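Peer 1: So the sequence shown is residues 433 to 531, counted in our numbering. We put the CB at the ideal spot given by N, CA and C, even for glycine. Since the model is a prediction, treat every value here as computed from it, not as a measurement.
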Amino acid sequence: MRLKREKDTKALIGALQYRGDTAVRAEAAMSLGQLGDLQAVTPLISVLQGDSNPYVRSRAAQALGDLGDARARDALMHCLENDMHEVSLKAIEALSKIH
Numbered sequence: 433m434r435l436k437r438e439k440d441t442k443a444l445i446g447a448l449q450y451r452g453d454t455a456v457r458a459e460a461a462m463s464l465g466q467l468g469d470l471q472a473v474t475p476l477i478s479v480l481q482g483d484s485n486p487y488v489r490s491r492a493a494q495a496l497g498d499l500g501d502a503r504a505r506d507a508l509m510h511c512l513e514n515d516m517h518e519v520s521l522k523a524i525e526a527l528s529k530i531h
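This is the structure in structure tokens:
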């Protein structure tokens, strides 16, 4: 089962970069959070910091919260000051899950 999860993680990380459809990127972010593979933390932080679409960024924030990895804390904190309301709300929720 682990091998399948690793393949799924790699494919979903690749989908985070798909520029043709924001829904693909948003769904990839959500799925990465649900898989729970910490290899996704750095790519999700990149999406949170650099994707042009606030919906995608909010889903990346949510996924980072689901993963609960402290490496995401600074990027999530930055969203509180410098992002749209929807993204900031998801960042607050995510921060509450990170210990």
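Can you check which of these residues, Leu-476, Tyr-450 and Asp-515, is closest to Gly-465 by C-alpha distance?
Peer 2: Nearest of Leu-476, Tyr-450 and Asp-515 to Gly-465, Cα basis: Leu-476.
Peer 1: Could you say which of Leu-470, Thr-474 and Ala-526 lies nearest to Cys-511 if we only look at CA atoms?
Peer 2: Considering only alpha carbons, the answer is Ala-526.
Peer 1: Arg-491: buried (16+ other C-beta within 10 angstroms of its C-beta) or exposed?
Peer 2: Label assigned to Arg-491: buried.
Peer 1: By a C-beta neighbour count over all protein chains shown, 10 Å radius and 16 as the cutoff for buried, is Lys-439 buried or exposed?
Peer 2: Lys-439 should be labelled exposed.
Peer 1: If you draw a straight line from the C-alpha of Val-519 to the C-alpha of Arg-489, how long is it?
Peer 2: Using only the alpha carbons, I get a separation of about 6 Å.
Peer 1: Count the other CB atoms, across all protein chains shown, that sit within 10 Å of the CB of Ala-504; report buried if there are 16 or more and exposed otherwise.
Peer 2: Its Cβ being crowded by 16 or more others within 10 Å, Ala-504 is buried.
Peer 1: For Gln-449, count neighbouring C-beta atoms within 10 Å of its own C-beta (all shown protein chains included) and say buried if the count is 16 or more, exposed if not.
Peer 2: Counting Cβ neighbours within 10 Å, Gln-449 comes out exposed, since fewer than 16 surround it.
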